[in-house]
Amino acid sequence: MANIDYQINIKTMLKRFFYSLAIIFTLTAQNGFCDISSRENNVVKAVRQNQPAVVNISSEYEIRKNSNPFSGYRMDPMLEKFFRDFFSPEFERREKRTSLGSGVIIDGELGFVLTNNHVIEKATSISVTLNDKREFEAAIVGMDPDSDLAVLKIKSDGTLPSIQMGNSDDIMIGESVIAIGNPFGFSHTVTTGVISAVNRSLKSADRIYHEFIQTDASINPGNSGGPLLNIDGELIGINTAIYAEAQGIGFAIPINRAKRIVSDLIHYGSVVQAWIGLTVQPIDASLSAYLNLENNQAVIVSRVTPGSPAEEAGLKESDVIHSIDDTTISNISDYRLKLKRISSKQTISVGLTRQGKKMNVRVNARPFPIKLAPELTMDQLGIAVADLDTTTRSKYHIAEKKGVLIVKMQRGSYLDRIGVQPGDIIRRIDEESVDNLSDFNAAIVKYRSKYSIVLLIQREGQLYPINAIMRESQW
Numbered sequence: 010m011a012n013i014d015y016q017i018n019i020k021t022m023l024k025r026f027f028y029s030l031a032i033i034f035t036l037t038a039q040n041g042f043c044d045i046s047s048r049e050n051n052v053v054k055a056v057r058q059n060q061p062a063v064v065n066i067s068s069e070y071e072i073r074k075n076s077n078p079f080s081g082y083r084m085d086p087m088l089e090k091f092f093r094d095f096f097s098p099e100f101e102r103r104e105k106r107t108s109l110g111s112g113v114i115i116d117g118e119l120g121f122v123l124t125n126n127h128v129i130e131k132a133t134s135i136s137v138t139l140n141d142k143r144e145f146e147a148a149i150v151g152m153d154p155d156s157d158l159a160v161l162k163i164k165s166d167g168t169l170p171s172i173q174m175g176n177s178d179d180i181m182i183g184e185s186v187i188a189i190g191n192p193f194g195f196s197h198t199v200t201t202g203v204i205s206a207v208n209r210s211l212k213s214a215d216r217i218y219h220e221f222i223q224t225d226a227s228i229n230p231g232n233s234g235g236p237l238l239n240i241d242g243e244l245i246g247i248n249t250a251i252y253a254e255a256q257g258i259g260f261a262i263p264i265n266r267a268k269r270i271v272s273d274l275i276h277y278g279s280v281v282q283a284w285i286g287l288t289v290q291p292i293d294a295s296l297s298a299y300l301n302l303e304n305n306q307a308v309i310v311s312r313v314t315p316g317s318p319a320e321e322a323g324l325k326e327s328d329v330i331h332s333i334d335d336t337t338i339s340n341i342s343d344y345r346l347k348l349k350r351i352s353s354k355q356t357i358s359v360g361l362t363r364q365g366k367k368m369n370v371r372v373n374a375r376p377f378p379i380k381l382a383p384e385l386t387m388d389q390l391g392i393a394v395a396d397l398d399t400t401t402r403s404k405y406h407i408a409e410k411k412g413v414l415i416v417k418m419q420r421g422s423y424l425d426r427i428g429v430q431p432g433d434i435i436r437r438i439d440e441e442s443v444d445n446l447s448d449f450n451a452a453i454v455k456y457r458s459k460y461s462i463v464l465l466i467q468r469e470g471q472l473y474p475i476n477a478i479m480r481e482s483q484w
């Protein structure tokens with residue numbers, strides 16, 4: 010009898026065991042094979058589609074520190090020069106630093122990567138890491154500090170994944186956006202938000218940036234250079250964290266603006282600004298009444314440069330310009346900003362009024378001719394310069410061989426008012442060294458649309474940095 014009871018208990022225990030096992034398998038199967046399609050929204054799809062084209066950029070740069078123990082003290086210029094020379098370069102310390110940022114592959118076949126200029130501008134070496142952990146050394150193709158964009162190139166045995174391009178001209182305030190990047194070194198971090206505003210201008214250091222997209226998607230250091238995507242997974246902007254005071258807001262460079270700059274960087278290594286050869290001025294109330302205009306929301310042509318694209322297209326003095334392509338031109342700022350967006354080989358449509366008749370004139374823009382640099386220099390800086398050749402050095406009793414000599418000064422110009430004199434030597438313009446007249450002309454043409462430039466002036470063996478305000482011009 011006891012044996013029978015024992016057998017019954019064994020059977021009961023086995024039934025309970027297999028029943029429990031069946032329940033466990035059922036629950037495991039439900040968890041392992043549950044349907045996730047309901048959670049796979051457009052954000053998930055956009056990230057999955059573009060994440061392989063988002064890269065981590067690590068750049069190494071070197072900073073130099075002078076160990077001169079007297080460097081923090083004010084002293085006689087001669088003593089300062091003595092200590093500077095004495096403690097350099099033997100007593101100079103060099104430290105290596107690392108900068109992290111993001112980028113996007115815009116051409117998988119050629120290996121072009123788009124990022125921010127400030128991410129790599131001081132780099133001595135650049136490393137690009139893909140989402141699949143492959144790592145490449147990168148070379149700089151071109152940089153543009155004014156737009157904060159740069160293009161890198163990496164070499165791969167096969168075609169790399171590339172980002173899907175979008176259109177930033179049709180973005181809507183309130184539409185959802187996605188930012189991908191590497192904030193603080195955390196790779197491929199995704200944040201979301203909406204378009205808060207467009208055409209934002211902001212100042213950082215000595216530059217003013219225009220036409221930025223504003224978003225509430227979190228964009229932190231390390232996100233710079235990464236993509237801003239729309240909900241369809243299309244690239245509409247390049248994230249930038251240049252605005253140090255931004256809290257809870259982010260900014261991105263519109264991709265349509267970036268496309269033109271990227272084209273120049275790939276082909277020329279720098280941005281070649283378009284030139285059409287017009288000088289324009291604002292329209293005040295009296296001029297508007299004289300011309301019998303409906304309003305003064307336009308600019309008027311005050312000069313057409315002979316031989317320029319504008320002259321070839323038939324533009325004339327007193328033409329009233331109210332649009333370029335699809336952009337309304339209400340003032341000088343609108344005009345200058347539009348010119349910055351034009352490619353040096355682009356054909357534009359200028360909407361104007363001439364003697365009461367409205368018309369559109371097509372103008373073929375081209376690069377600024379270097380032969381006009383002397384005229385540009387006098388117009389914007391109020392000076393004329395000469396090469397430090399043998400004749401010039403002999404005439405002015407100058408031993409220095411590098412730089413250009415100021416030989417003429419326009420009275421009342423900005424440089425005249427702050428004390429710059431004929432006989433001073435210009436050694437540098439902003440980031441460009443000036444060894445001769447060719448260097449000077451190239452630099453003045455390059456920076457002609459800036460509000461101000463820094464001139465490094467040499468006088469009697471001493472160097473003085475001068476912030477020069479450029480006379481407003483539309484060259």
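Heads up: the sequence shown begins at 10 in my numbering, then just goes up one per residue. Glycine included, C-beta positions come from ideal geometry on N, C-alpha and C. If you're wondering where the values come from, they're calculated on a predicted model, not measured in any experiment.
Alpha-carbon to alpha-carbon, Val52 and Asn229: Numbered from its first residue, the sequence shown carries residue 229 at position 220. Numbered from its first residue, the sequence shown carries residue 52 at position 43. Roughly 20 Å separates the two Cα atoms.
For Ile66 and Gly110, believed in contact at Cβ under 8 Å, the rounded distance: Position 101 of the sequence shown, counted from the first residue, corresponds to residue 110. Position 57 of the sequence shown, counted from the first residue, corresponds to residue 66. Right, their Cβ atoms sit about 5 Å apart.
Range of the contiguous beta strand (DSSP E) that encloses Arg216: Within the sequence shown, the letter at position 207 stands for residue 216. Arg216 to Thr224 is the extent of the beta strand (DSSP E) around Arg216.
Same chain, Cβ closer than 6 Å to Ile333, five either side skipped, listed in chain order: For the purposes of this step, residue 333 is taken as the residue at position 324 of the sequence shown. Lys347, Ile357 and Val359, listed in sequence order.
Endpoints, beta strand (DSSP E) assigned at Pro291: Indexing the sequence shown from 1 puts residue 291 at position 282. Where Pro291 is concerned, the enclosing beta strand (DSSP E) stretches over Leu287 to Pro291.
Segment limits, alpha helix (DSSP H) that includes Glu384: If you number the sequence shown from 1, residue 384 lands on position 375. Start and end: Ala382 to Leu390.
The stretch 154 to 164 contacting the stretch 282 to 298, beta-carbon criterion three pairs below 8 Å: no
Burial state of Arg48, where buried means 16 or more other Cβ atoms lie within 10 Å: Locating residue 48 in the sequence shown gives position 39, counting from the first residue. The residue is exposed, with fewer than 16 neighbouring Cβ atoms inside 10 Å.
N- and C-terminal bounds of the alpha helix (DSSP H) containing Pro318: Looking up residue 318 in the sequence shown gives position 309. Looking at the DSSP string, the run of the alpha helix (DSSP H) that includes Pro318 is Pro318 to Ala322.
Completely contained beta strand (DSSP E) runs for the stretch 428 to 470, where each covers 3 or more residues: 434 to 438 and 461 to 468
Where Thr235 falls, given that 16 or more other Cβ within 10 Å makes a residue buried: As a working note, residue 235 is residue 226 in the sequence shown. Correcting the residue type first, residue 235 is Gly in the shown sequence and not Thr. Under this definition Gly235 is a buried residue.
Nearest-angstrom beta carbon gap, Ile264 and Gly175 [assumed within contact, 8 Å]: As a working mapping, residue 175 is identified with position 166 in the sequence shown. As a working mapping, residue 264 is identified with position 255 in the sequence shown. Contact holds; Cβ gap of about 6 Å.
Cβ shell of Val326 (< 7 Å), same chain only, five flanking positions each side left out: Translated into the one-based positions of the sequence shown, residue 326 becomes position 317. Position check: residue 326 holds Glu in this sequence, whereas Val was assumed. Closer than 7 Å at Cβ, skipping near neighbours: Val310, Ser311, Arg312 and Val313.
Assigned exposure category for Thr399 - 16 Cβ within 10 Å defines buried: Numbered from its first residue, the sequence shown carries residue 399 at position 390. So Thr399 ends up on the exposed side.
Rounded straight-line distance, which links the Cα of Val416 to that of Ile129: Sequence index remark: in the sequence shown, residue 129 carries index 120 (1-based). Sequence index remark: in the sequence shown, residue 416 carries index 407 (1-based). Spanning the two alpha carbons is a distance of roughly 38 Å.
Inter-residue Cα distance where the pair is Ile180 and Ile172: Numbered from its first residue, the sequence shown carries residue 180 at position 171. Numbered from its first residue, the sequence shown carries residue 172 at position 163. Taking the straight line from one Cα to the other gives about 18 Å.
8 Å Cβ shell around Arg363 - same chain, five flanking residues per side excluded: In the sequence shown, residue 363 corresponds to position 354, counting from 1. Same-chain partners within the cutoff: Lys325, Ser327, Asp328 and Val329.
Cβ-based burial, Met152 [other Cβ within 10 Å; buried from 16]: For this step, residue 152 is matched to residue 143 along the sequence shown. Buried, since its Cβ has 16 or more Cβ neighbours within 10 Å.
Neighbour-count burial assignment, Phe377, 16 or more Cβ in a 10 Å radius: In the sequence shown, counting from the first residue as 1, residue 377 sits at position 368. So Phe377 ends up on the buried side.
DSSP beta-bridge partners of Leu244: To locate residue 244, count along the sequence shown from 1; it is residue 235. For Leu244, which the question treats as bridged, DSSP gives the partners Met174 and Leu238.
Near the ligand MG: Gly151 beta-carbon under 8 Å from a heavy atom: Absence of the ligand MG is noted for the structure shown, with no ligands found whatsoever.
Reference Ser422, options Asp388, Val64 and Phe449, closest by Cα: On the sequence shown, residue 422 is found 413 positions in, with the first residue counted as 1. With distances taken between Cα atoms, Ser422 lies closest to Asp388.
Which residues DSSP lists as bridging Arg209, in chain order: For the purposes of this step, residue 209 is identified with residue 200 of the sequence shown, where counting begins at 1. DSSP, once it has assigned bridges, lists Phe221 as partnering Arg209.
Asp343 (DSSP reduced to helix, strand or coil): For this step, residue 343 is matched to residue 334 along the sequence shown. In this structure, Asp343 counts as helix in the three-state DSSP scheme.
Exposure of Gly190, with buried meaning 16 or more beta-carbon neighbours within 10 Å: Reading the sequence shown from its first residue, position 181 is the one you call residue 190. With 16 or more other Cβ atoms within 10 Å, it is buried.
DSSP-derived helix/strand/coil call for Asn476: Translated into the one-based positions of the sequence shown, residue 476 becomes position 467. In the structure shown, Asn476 sits in a strand (DSSP, three-state: E or B).
Enclosing beta strand (DSSP E) for Ile135 [first to last residue]: Looking up residue 135 in the sequence shown gives position 126. Looking at the DSSP string, the run of the beta strand (DSSP E) that includes Ile135 is Ala132 to Thr138.
Stretch-stretch touch, CB-based, cutoff 8 Å, three pairs: the stretch 455 to 471 with the stretch 436 to 443: yes
Residue nearest to Glu427 in terms of C-alpha spacing, selected from Lys212, Gly391, Val186 and Ser272: Sequence index remark: in the sequence shown, residue 427 carries index 418 (1-based). According to the sequence provided, residue 427 is Ile. The question's Glu does not apply to it. For Ile427, the nearest C-alpha among the options comes from Gly391.
Where the beta strand (DSSP E) through Asp153 begins and ends: As a first step, residue 153 must be located in the sequence shown, where it is residue number 144. Residues Ala148 to Asp153.
Where Gly286 falls, given that 16 or more other Cβ within 10 Å makes a residue buried: The residue you call residue 286 lines up with position 277 of the sequence shown. It counts as buried.
Nearest neighbour of Ala477, chosen from Gly432, Glu469, Asp425 and Ser210 [CA to CA]: Against the sequence shown, residue 477 aligns to sequence position 468. Nearest C-alpha to Ala477: Asp425.
Distance, Leu385 Cα to Ile379 Cα: Here the question's residue 379 lines up with position 370 in the sequence shown. Here the question's residue 385 lines up with position 376 in the sequence shown. Spanning the two alpha carbons is a distance of roughly 10 Å.
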